[in-house]
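Undergrad: Numbered according to numbering that gives the first Met the number 0, the sequence shown terminates at residue 854, and the numbering increases by one at each position without gaps.
Ideal placement from N, C-alpha and C gives every residue a C-beta, glycine not left out.
All of these numbers come straight from a predicted model, not from anything done at the bench.
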Amino acid sequence: MKVYIHLALAYLKKQRGRTIALVLGVALAVMLVFGTNVIFESQSRNQLANIYKMYGTYQGIFTNLNKDLTEKIKNDKDASKSAVAANLGNLVTDNGISMILNSTDKDYIEMSGYTLIKGHLPNKQGEIMLESQALKKMGLKEKLGETINFKIKREYKDENGLNQIYMENKSFKLVGILDKPKQYYEGYYSLRGFTYFKEGENNVLPDNLITYEEIVKLKSNANLSGKLNQIRERYNIGRQDYEVNSQLIAALNDFSAQSTNAFTYQFNILIVITAILLIYNMFNISLIDMIKQIGMMRAIGSSKKQVRLIIGFQSLFILIIGLVLGLLMGIAFSYFGIKLYSFVSTNIDVSESSVYISMKNVWNAVKVGALTVIVSSIIPIWISGMISPIEAMRKSDRSGGKQRNRGYHKFIKKISGITGEMAYKNVWRNKWRTIIIVVSVAMAGYLFINDIAFLNNRDAVYNTTPYVLNMQDYDFKLLFGPNIDLYFTGYTNDDVKAISQIEGVKKVGTKVSMEGFLESDVNDLENDFKKYNGISNTNKNVETMIEVKGYDDDQLQGFKKYIDKGDMSSLNNSSDKYPNAVVYNYYYDILNNHKLEGIRKDLNVGDIITIRIPVIRNGKIAYEEKNIRVGALLKQEWIAKGDSTRGARMEIILPQKYLMTISGKSTYDQISVQSEAGKDTYVYDSINKILKDKPFTDVESKLSYIEKSQKGFTGVLKSDMVIVALILLIAGMNVYNTLKTNLLIRTNEFATLRAIGMTAKQLKSMIIKESIIYGVLSSIIAALIGSYNVYSFYSLVNRQYKAGFNISERLQFKFPVIPILLYSAIVIVICILSSYVSAKKVEKLNIVEGLNITE
């Protein structure tokens with residue numbers, strides 16, 4: 000046994016360059032698999048820890064429940080833990096800041112991720128606990144014992160099932176202050192307050208207005224959204240009364256996926272296959288180099304098993320060294336890559352995550368390394384035992400038969416000379432080895448071509464995202480965040496005037512919107528819509544939530560292209576007591592089939608529908624009934640291209656002046672701004688100066704959406720190019736070692752060619768042309784696969800938009816000529832460099848010595 004170990008080591012030492020290539024092939028495969036898995040696990044752990052602190056541990060919330068339903072959900076087969084709080088409406092300040100008011104429940108507060116930083120929980124009527132951020136936005140100091148005045152606003156259904164609004168002034172004593180991590184308040188968030196509540200006592204709301212909400216944590220983290228939706232359906236809870244903790248679910252899904260992440264899985268497969276091709280080719284080349292020694296060993300009595308042991312021990316040594324080196328490189332790669340890559344699906348910054356190395360990832364890397372070596376060496380090991388002594392003494396790298404001179408050989412000779420024809424024939428002397436080299440070089444091609452094709456078409460992609468399309472021809476939208484009651488604040492005419500006067504502003508548009516209700520006979524609603532919203536057929540008349548909005552005339556003219564039936568001009572042509580309206584009669588089913596579905600059955604232009612909208616009079620808000628005529632219906636594509644609610648509910652557009660008159664609103668909810676070319680930054684900064692004293696203002700920018708998309712793609716592009724570089728490095732080693740070995744085993748042939756008159760320059764030219772052929776063939780395969788991949792991606796996006804939003808041809812496929820030419824150039828340069836380095840020995844070839852070498 001020791002003899003064969005020594006022989007294996009001797010062969011590895013003799014072919015030091017080839018051994019280094021084998022070890023690097025294994026090490027790079029292990030490094031990438033181990034490194035990416037470590038990065039992903041480290042980032043997902045860090046993300047999950049931050050999400051727990053920011054968004055709590057609950058996974059879903061159900062609202063507007065009665066006590067019986069809270070008990071059913073608590074005892075549901077899928078629920079592990081739940082907490083219940085009374086929904087006591089909203090607290091509204093004089094300047095419009097609004098926050099949710101709940102009853103105090105310790106479990107509810109803890110599961111929601113709040114930390115008590117001052118004071119205590121409310122324990123009697125009139126006491127309240129608020130977030131530190133709420134006090135900051137209200138301009139108050141964190142001083143316990145202060146009395147704070149609010150309006151209590153509660154929307155509810157009366158005994159007839161009609162939606163009503165309760166409003167009352169109420170004073171509270173601040174007894175506790177809550178807080179969350181700073182990062183939580185940098186994103187989208189809702190403020191909450193907690194007060195004392197006990198059934199039967201004189202609470203902040205009359206008992207008949209009180210409902211409950213329940214937050215739930217499930218027993219299993221598998222299929223969280225699906226199981227929460229099943230609970231909703233089991234108890235007939237409407238879509239508007241259910242929400243998932245989307246950030247936590249995304250983080251839990253990331254943590255559960257880890258090494259099965261599509262990104263890491265795809266690239267691990269690419270790098271492993273490339274490494275297998277390299278190692279397989281190197282072992283085959285080694286076998287050719289060792290074949291006469293194997294023949295002599297067989298002639299002096301060595302068994303097949305003993306011969307196979309030599310190759311087997313070589314594989315084992317390569318594996319051990321490659322694993323150790325790969326794990327060390329993987330650790331270094333993970334420290335570097337954790338800042339470069341982002342494998343998480345939330346907006347949490349994980350670039351500073353601590354590196355976490357688990358035994359699971361070490362073991363996975365070992366399995367990948369072992370699999371790579373075993374798969375690539377098993378055939379050469381088996382073949383080595385099948386070689387007979389006589390066959391081994393006659394074996395050479397020449398092809399088994401004479402190649403025929405075909406018609407295209409003359410064409411090749413004509414354009415590239417005799418050396419080109421010889422190079423082409425030499426490439427196909429060993430077809431299997433050529434295929435391995437070509438495939439290994441082409442492996443990175445589809446990824447490179449796909450990314451560069453997307454980069455070249457980025458403007459079309461970025462400008463057709465729903466966020467950018469919703470901006471229409473405006474560059475900025477001035478909105479308000481979720482913690483604002485727009486009946487008590489908004490953008491004034493003075494704001495509109497000030498913004499219009501900013502240098503560089505071309506056009507300003509205004510919008511008024513409010514949530515209202517559509518009155519319907521239950522039989523007039525689509526069945527899927529009723530099921531989706533938990534509407535029972537036992538109720539004859541029902542109210543469903545709608546969005547009612549009014550735009551200035553200029554914006555309305557821009558919406559004409561979205562009219563399916565009717566006429567946009569009908570808005571201003573109401574001839575009788577019923578005002579005309581434009582209606583979007585679809586909702587997007589985000590829970591089940593992810594498609595647009597209808598709301599009202601057989602809704603046509605000319606139909607009279609009844610809506611109820613909130614009207615403010617003397618500081619009080621109440622719903623009032625209005626009849627309107629359907630003047631036009633919007634196309635389905637409005638959801639993605641128009642200023643839509645993204646399919647959350649039916650939308651009704653009324654003349655802006657009419658809507659403001661009947662609702663009592665004197666301010667706008669949204670201002671749209673179009674700027675002159677090159678003035679975006681100045682206009683943006685000026686807008687923010689004007690709005691600095693308005694709480695919870697939000698300025699959406701078309702440019703920021705595009706830059707955000709670009710930033711995301713740039714990160715992906717950097718990550719992909721690292722993978723492409725690693726794959727090309729392995730493939731380049733494959734080309735280099737193959738060409739170098741060909742020179743060694745064809746020394747006699749080259750000496751013969753020199754003897755009959757071929758110059759060293761011609762030999763070198765032939766070798767370089769061989770490498771160019773490898774590059775060209777690899778580029779052709781990469782071009783075919785890459786082009787198909789780009790076409791498939793564009794087709795998939797177009798099918799999804801067609802199925803979901805009825806939008807045709809969002810992306811138009813263009814053959815990726817430039818990416819293919821770029822990749823071809825890179826590959827051919829790599830192949831030429833490999834051949835140039837390998838061919839240096841030809842210049843020093845001694846003809847006499849070369850003729851004395853037997854292949």
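Could you have a look at Ile-19 and say whether DSSP puts it in helix, strand or coil?
TA: The sequence position of residue 19 within the sequence shown is 20, counting from 1. Reduced to three states, the DSSP call for Ile-19 is helix.
Undergrad: Taking Cβ to Cβ, would you say Gly-192 is nearer than 8 Å to Ile-127?
TA: Position 193 of the sequence shown, counting from 1, holds the residue named residue 192. Position 128 of the sequence shown, counting from 1, holds the residue named residue 127. Yes. Within cutoff.
Undergrad: Taking the alpha helix (DSSP H) that Leu-370 belongs to, which residues open and close that run?
TA: As a working note, residue 370 is residue 371 in the sequence shown. Element bounds for Leu-370: 358-383.
Undergrad: Less than 8 Å separating the beta-carbons of Tyr-550 and Trp-637?
TA: Numbered from its first residue, the sequence shown carries residue 550 at position 551. Numbered from its first residue, the sequence shown carries residue 637 at position 638. No, they are not a contact pair.
Undergrad: Going by Cα to Cα distance, which pick from Gly-618, Tyr-473, Ser-665, Leu-633 is closest to Asp-494?
TA: In the sequence shown, residue 494 corresponds to position 495, counting from 1. Of the listed residues, the one whose Cα sits closest to Asp-494 is Ser-665.
Undergrad: So, under 8 Å CB-CB, Met-98 and Leu-190 are touching, yes? Tell me the CB distance rounded to an integer number of Å.
TA: Position 99 of the sequence shown, counting from 1, holds the residue named residue 98. Position 191 of the sequence shown, counting from 1, holds the residue named residue 190. That belief holds up - the Cβ atoms of Met-98 and Leu-190 are roughly 4 Å apart, short of 8 Å.
Undergrad: Relative to the C-alpha of Ile-857, which candidate in Lys-12, Met-442, Gln-124, Thr-114 has its C-alpha closest?
TA: This structure does not reach residue 857, given that the chain is present from 0 up to 854, and the question cannot be answered.
Undergrad: Looking at the strands, I want to know which residues DSSP matches up with Arg-191.
TA: Here residue 191 corresponds to residue number 192 of the sequence shown, with the count starting at 1. Its beta-bridge partners are Ile-99.
Undergrad: Measure from the alpha carbon of Asn-228 to the alpha carbon of each residue in Arg-238, Leu-821, Ser-219, then state which is nearest.
TA: As a working mapping, residue 228 is identified with position 229 in the sequence shown. Of the residues Arg-238, Leu-821, Ser-219, the one whose Cα lies closest to the Cα of Asn-228 is Arg-238.
Undergrad: Taking contact to mean at least 3 C-beta pairs separated by less than 8 Å, is the segment 92-108 in contact with the segment 163-171?
TA: no
Undergrad: Would you mind giving the Cβ-Cβ distance between Leu-324 and Val-22, rounded to the nearest angstrom? I have them listed as a contact below 8 Å.
TA: Counting from one through the sequence shown, the residue named residue 324 turns up at place 325. Counting from one through the sequence shown, the residue named residue 22 turns up at place 23. About 6 Å separates the two Cβ atoms, so the contact holds.
Undergrad: By the three-class DSSP mapping on this structure, what secondary structure does Arg-628 have?
TA: The residue given as residue 628 occupies position 629 in the sequence shown. Of the three classes helix, strand and coil, the one that applies to Arg-628 here is strand, per DSSP.
Undergrad: Per DSSP, which residues does Ala-85 bridge with? Please list them.
TA: Counting from 1 along the sequence shown, the entry for residue 85 is found at position 86. Partner(s): Tyr-211.
Undergrad: Compute the minimum distance between the beta carbon of Ser-685 and the heavy atoms of the ligand NAP, and state whether it is under 7 Å.
TA: The ligand NAP is not part of this structure, which contains no ligands at all.
Undergrad: Would you say Leu-217 and Ala-48 are within 8 Å of each other, going by their C-beta atoms?
TA: Numbered from 1 along the sequence shown, position 218 holds the residue referred to as residue 217. Numbered from 1 along the sequence shown, position 49 holds the residue referred to as residue 48. Cβ distance not < 8 Å, so Leu-217 and Ala-48 don't count as in contact.
Undergrad: Using three-state DSSP, classify Ala-621 as helix, strand or coil.
TA: By 1-based counting over the sequence shown, the position of residue 621 is 622. In the displayed model, Ala-621 falls within a strand according to three-state DSSP.
Undergrad: Using DSSP with H/G/I as helix, E/B as strand and the rest coil, what is Asn-579?
TA: Within the sequence shown, the letter at position 580 stands for residue 579. Here Asn-579 sits in strand by DSSP.
Undergrad: DSSP on Tyr-587, reduced to helix/strand/coil?
TA: Translated into the one-based positions of the sequence shown, residue 587 becomes position 588. In the structure shown, Tyr-587 sits in a strand (DSSP, three-state: E or B).
Undergrad: According to DSSP, Pro-654 sits in a beta bridge with which residue or residues?
TA: Counted from its first residue, the sequence shown places residue 654 at position 655. For Pro-654, which the question treats as bridged, DSSP gives the partners Tyr-550.
Undergrad: Between the beta-carbon of Met-567 and the beta-carbon of Ile-598, is there less than 8 Å?
TA: As a first step, residue 567 is located in the sequence shown; it is residue number 568 there, counting from the start. As a first step, residue 598 is located in the sequence shown; it is residue number 599 there, counting from the start. No, these two residues do not count as a Cβ contact at 8 Å.
Undergrad: Express the C-alpha separation of Glu-546 and Ser-333 in angstroms, rounding to a whole number.
TA: Mapped onto the sequence shown, residue 333 falls at position 334. Mapped onto the sequence shown, residue 546 falls at position 547. In this model, Ser-333 and Glu-546 are separated by some 49 Å (Cα to Cα).
Undergrad: Mind pulling the beta strand (DSSP E) runs of 3 or more residues that sit fully within the segment 116-140?
TA: Note on the segment 116-140: whole beta strand (DSSP E) runs with a minimum of 3 residues are 126-130, in chain order.
Undergrad: Near Ala-621, what residues of its chain come up, given a Cβ to Cβ distance below 8 Å and the 5 sequence neighbours on each side ignored?
TA: For the purposes of this step, residue 621 is taken as residue 622 along the sequence shown, with counting starting at 1. Cβ neighbours of Ala-621 beyond the five flanking positions: Gln-163, Ile-164, Pro-613, Val-614.
Undergrad: Given a cut-off of 8 Å on the beta-carbon distance, is the pair Ile-72 and Ile-230 in contact?
TA: Position 73 of the sequence shown, counted from the start, is the residue given in the question as residue 72. Position 231 of the sequence shown, counted from the start, is the residue given in the question as residue 230. Cβ distance < 8 Å, so Ile-72 and Ile-230 count as in contact.
Undergrad: Per DSSP, what kind of secondary structure is Val-354 in: helix, strand or coil?
TA: Here residue 354 refers to the residue found at position 355 of the sequence shown. Of the three classes helix, strand and coil, the one that applies to Val-354 here is coil, per DSSP.
Undergrad: Helix, strand or coil for Phe-792, going by three-state DSSP, please let me know.
TA: Residue 792 sits at position 793 when you count from the first residue of the sequence shown. In the structure shown, Phe-792 sits in a helix (DSSP, three-state: H, G or I).
Undergrad: Please report the distance separating the alpha-carbon of Ser-398 from that of Lys-768.
TA: For the purposes of this step, residue 398 is taken as residue 399 along the sequence shown, with counting starting at 1. For the purposes of this step, residue 768 is taken as residue 769 along the sequence shown, with counting starting at 1. Residue placement at Ser-398 cannot be trusted, given a pLDDT of 46 that sits under 50; what the coordinates show is reported in the next sentence. Rounded to the nearest angstrom, the two C-alpha atoms are 19 Å apart.
Undergrad: At which residues does the beta strand (DSSP E) containing Gly-59 begin and terminate?
TA: The count along the sequence shown starts at 1 and reaches residue 59 at position 60. From DSSP, the beta strand (DSSP E) with Gly-59 extends over 59-64.
Undergrad: Please determine, among Ile-330, Ile-176, Val-372, the residue with the shortest C-alpha to C-alpha distance to Ile-272.
TA: The residue you call residue 272 lines up with position 273 of the sequence shown. Looking at the Cα atoms, Val-372 is the closest of the given residues.
Undergrad: Which term fits Met-358, buried or exposed, when burial requires 16 or more other beta carbons within 10 angstroms of its beta carbon?
TA: Against the sequence shown, residue 358 aligns to sequence position 359. With fewer than 16 other Cβ atoms within 10 Å, it is exposed.
Undergrad: Quick one: what's got a C-beta closer than 6 Å to Lys-529's C-beta in the same chain, skipping five residues either side?
TA: Position 530 of the sequence shown, counted from the start, is the residue given in the question as residue 529. Scanning its chain for C-beta atoms nearer than 6 Å, with the 5 sequence neighbours on each side dropped, one finds no residue around Lys-529.
Undergrad: Ordered along the chain, which non-local residues of its own chain (more than five positions away) have a Cβ less than 7 Å from that of Thr-92?
TA: Along the sequence shown, one-based indexing puts residue 92 at 93. Within the same chain, Thr-92 has close Cβ partners Met-137, Phe-149.
Undergrad: With Asn-469 as the anchor, note down where its alpha helix (DSSP H) starts and where it stops.
TA: For the purposes of this step, residue 469 is identified with residue 470 of the sequence shown, where counting begins at 1. That run of the alpha helix (DSSP H) goes 465-469.
Undergrad: Helix, strand or coil, according to DSSP, for Ala-78 in the structure here?
TA: Sequence index remark: in the sequence shown, residue 78 carries index 79 (1-based). Residue state, collapsed to three classes: strand.
Undergrad: What do you reckon, are the CB atoms on Glu-699 and Phe-475 nearer than 8 Å?
TA: Residue mapping note: residue 699 aligns to position 700 of the sequence shown, counting from 1. Residue mapping note: residue 475 aligns to position 476 of the sequence shown, counting from 1. Closer than 8 Å, so yes.
Undergrad: Quick check: what's the CA-CA separation for Lys-152 versus Val-511?
TA: What you label residue 152 is simply residue 153 of the sequence shown in a count that begins at 1. What you label residue 511 is simply residue 512 of the sequence shown in a count that begins at 1. About 21 Å.
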